[in-house]
Amino acid sequence: MSLAIRKESERREVGTANGRRWVIVAADGRGWYVRLEGSRGLDRFPNVTQAIHRGRRLAHQHKPSGLVVRYTDGEEEESHYEPAVSP
């Protein structure tokens, strides 16, 4: 099992425990894609900027959530989105 697959599996287990859903932004041979964890659908974009923008919007819509951006050089960025806390 590759490291990326294992990390995604671990994220799913932790995310499921606290209700967090993950949005994945990554490149493949046809450009950049955005996928919401548990969904079969992919949104495709010609560049990383548009893909990240869509990923952020999806993450905001599905709080609590996380956004993982996997760059082509192997780097990963992870962000967390939480529901607003009432004062």
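By our numbering, the letter at position 6 of the sequence shown is numbered 63, and the numbering carries on one by one without gaps.
Every residue gets a Cβ at the ideal spot worked out from N, C-alpha and C, and that includes glycine.
Nothing here was measured: the structure is a model prediction, and the numbers come from that model.
Beta-bridge annotation (DSSP): Arg92 is paired with Ile81.
With distances taken between CA atoms, Thr106 lies nearest to Val126 out of Ser136, Glu132, Val126. The DSSP-derived three-state label of Gly98 is coil. As computed with DSSP, Gly123 is found in a beta bridge with Trp79, His137. Taking Glu133 as the centre and dropping the five residues before and after it, the same chain places the C-beta of Val125, Val126, Arg127 closer than 8 Å to its C-beta, in chain order. If you draw a straight line from the Cα of Glu139 to the Cα of Lys120, it comes to about 5 Å.
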